[in-house]
Amino acid sequence: MYVDYTADVTVVMAARSGDQRALDELIRGCLPLVYNIAGRALDGHDDVDDVVQETMLQVVDGLGNLRSPESFRSWMVAITLQKVRERWRNQQTRAVVGELDEAYGTADPGADFVDLTVLRLGLSGQRREVAEATRWLEPEERELLSLWWLEAAGELTREELAAALDLPPAHAAVRVQRMKARLDTARSLVRALRASPPCADLVLLTVAWDGLPAALWRKRLGRHTRECPTCAQRVLDLVPTEGLLLGMALVQLPAGFAVNPLLHTSALSATHAAGWLSRLGRWLAAKPVAAVAAGTAVLGGGAATGYLLEHRAALPPVTRPAASPAVTAPPTVPAPAPAPAPASPSASPTAPGALYGRTIDQVDTPPAAGARPAALPVRPEDGPVAVSGAYAKRQGRNAYLLAHRGEYLTVSGRGYFVLDWQVGYLTRGPGQLQMPTWTGLEGRIFHAASGGGHRMDDPKPGSAAGWTWMGEPGKGWSTVPPGTQQMWQHEYYYLDGTVTLHLNERGTDYNLVVAPATRSSIVGDLTQPPSPDPAEGRVRYGLVRDTGTDDAPVPQYLTRADPADPMSVDRRSQVGAERR
């Protein structure tokens, strides 16, 4: 992207002289750059908004003392990095005094800047792999990455990068090369961990790994990908990162992003400087800084819940909902193409006053691969649903893994959650699955939608004939019991109450990952089209099952009772005929 540095100098000089229009233009031009640096350096932590705010206020505060207008951009970037480092120090201090949840609790999957980048820029293929590889870098490496990414995209010069780091250009070049080497290693890991079929040696090597990107595992797994002929062959087509980033757009700020005008209280050297700050606060509070690209859903990011070698699609983005979410009209989505097979029961016309629980999931046929989903009805959300119970481990902050028989999760609240399927036919199986069951229902639960880009029995793209997410010709295929609905990679549910999910595996291995979701994150998943990139595992659009009324389908194997043996729950759910 070409940057008109002369125009920048002209605008800076005018703004420094008190020209409000020039100041507005300067702010408008700076905010996306500052947001991208802070967002990528802090990996989307909640503090990003504060860093952007404090940076812009200090920029306006000090603009009158800037000696060289030509150095404005490097000066602004240096201030941004200073604020980022202050946030790091504050996080570490809070952790030392015991406030671990406060220090790290907000850096959750709903704030992951990687998923914001992928979603808002529509990244796919190797560009998406580059974005995901950045999760493997350490914080100090991400700081440098945030600058080099903008340099490679044409938004910063090498001189500005070096000046912002307060390093000679030659020293800055050495640091960039070191960081790029680690990023290239991370790219090879992303590719190898999502390869289908997986490398058998890599599967064994990751048995003790928790699935979360970390520097130690980057070194261990990186050594394997360099030395393993199978993994090395899979990365031969990787193009230089610079070529992928060249001309890439900035991640736009969320619509309505604003800086609180009341937080800046430092004394200013001149009355007109105070006026600038006042105008800055009013300008930012009154209107969005930058509009999100037309047609792009504004999501809070995605769950960076780690890799599982039987699982090829990441959990969908989980949005941080507002305290009092407004009910908005569903997005306009083209009607789905007619499917050759009978529609699922959730697509049936709704009769007024229908009884809850009358429609139960049943065996269905997937829609055509190119059939777009219907609009997902709007249901009220009070915030993220609460999840607790006996589980194998947490996957990130808000996701929970069920991996052993007898484990369970109780979900409570009013909102959506996702059930992510992982069929481990390579570990133990294949055979007929002992399906999970739902007990102790209080209130209502609906099967809202199915997504993730594929049903688990769909053919795996890029694999030999007969490979699916349920098995392969050499091993055989896992199956669901007769009369049971075939699951998709992501199954979405809407809950208004409480229910407990039990993992009942016996013989054939499978895992379940449960995480809160929102309507917007679900729509973002369902509306993603089939992808030509086999690594993405997207062979079809998602499917909306919710009708928005009481006759929307409920899941199979559901009961209001609390049986001593959860496996005894019948496939034909019995939840009573409550009227809303």
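Heads up, the sequence shown is in UniProt numbering, so the first residue is 1 and it goes up one at a time.
Using N, Cα and C, we set each Cβ at its ideal position, and we do this for glycine too.
Nothing here was measured: the structure is a model prediction, and the numbers come from that model.
Query	Result
8 Å contact criterion, which H454 and W469 should meet: CB distance rounded	7 Å
Simplified DSSP assignment, three categories, for E491	strand
Burial state of D546 (16 or more Cβ within 10 Å)	buried
Buried or exposed by the 16-neighbour rule on C-beta atoms within 10 Å, applied to H490	buried
Alpha helix (DSSP H) runs contained entirely in the stretch 354-423, provided each spans 4 or more residues	none
Between the CA atoms of E140 and L236 - distance to the nearest angstrom	29 Å
I37 versus P473, D509, V51, G64, residue with shortest Cα-Cα distance	V51
Residue range of the unbroken alpha helix (DSSP H) whose run includes N511	Careful: N511 lies outside any alpha helix (DSSP H), inside the beta strand (DSSP E) at 510-517.
Pair within 7 Å by beta-carbon distance, R234 and R191	yes
Exposure label - A374; buried when at least 16 CB within 10 Å	buried
Beta-carbon proximity check, L156 vs L145, cutoff 7 Å	no
7 Å CB neighbourhood of D562 in its chain, flanking five on each side removed	T439, G440
Collapsed DSSP secondary structure at Q126 in the structure displayed	helix
Whole-Å CB distance - L402 paired with Y391, under 8 Å assumed	6 Å
Whole alpha helix (DSSP H) elements within the stretch 123-165, 4-residue minimum	125-133, 139-152, 158-165
Beta-carbon spacing of L419, V514 below 7 Å	yes
Collapsed DSSP secondary structure at V59 in the structure displayed	helix
Sequence-distant residues of the same chain with beta carbon closer than 8 Å to A329, five excluded per side	Any reading at A329 is ruled out, since the residue's pLDDT is 36, under 50, leaving its predicted position unreliable.
Cross-strand partners of I445 (DSSP beta bridge)	L495
Reduced DSSP secondary structure (H/G/I, E/B, other) of S520	helix
Cβ pair P553, V385 closer than 7 Å	no
Three-pair Cβ contact test at 8 Å for the stretch 73-80 versus the stretch 147-165	yes
Per-residue DSSP class, three states only, for P459	strand
Through-space distance from R571 to G451, alpha-carbon basis	22 Å
Span of the alpha helix (DSSP H) around S188	169-193
CA-to-CA distance, T80 to E536, given in whole angstroms	34 Å
G211 versus Q395, A464, D496, H404, residue with shortest Cα-Cα distance	Q395
Test item: CB-CB of G471 and P436 under 7 Å	no
Sequence-distant residues of the same chain with beta carbon closer than 8 Å to R223, five excluded per side	none
Short Cβ contact (7 Å threshold) for Q126 with L244	yes
Contacting residues, own chain, Cβ-Cβ under 6 Å from C231 (five flanking each side not counted)	A192, C199, T225
Simplified DSSP assignment, three categories, for G453	strand
Coarse secondary structure for E472, derived from DSSP in three states	strand
For V207 and V423, the rounded distance between their alpha carbons	16 Å
Where G98 falls, given that 16 or more other Cβ within 10 Å makes a residue buried	The predicted model places G98 with a pLDDT of 39, which falls under 50 and marks its position as unreliable, so this point remains unresolved.
One or two residues paired with L558 in a DSSP bridge	W438
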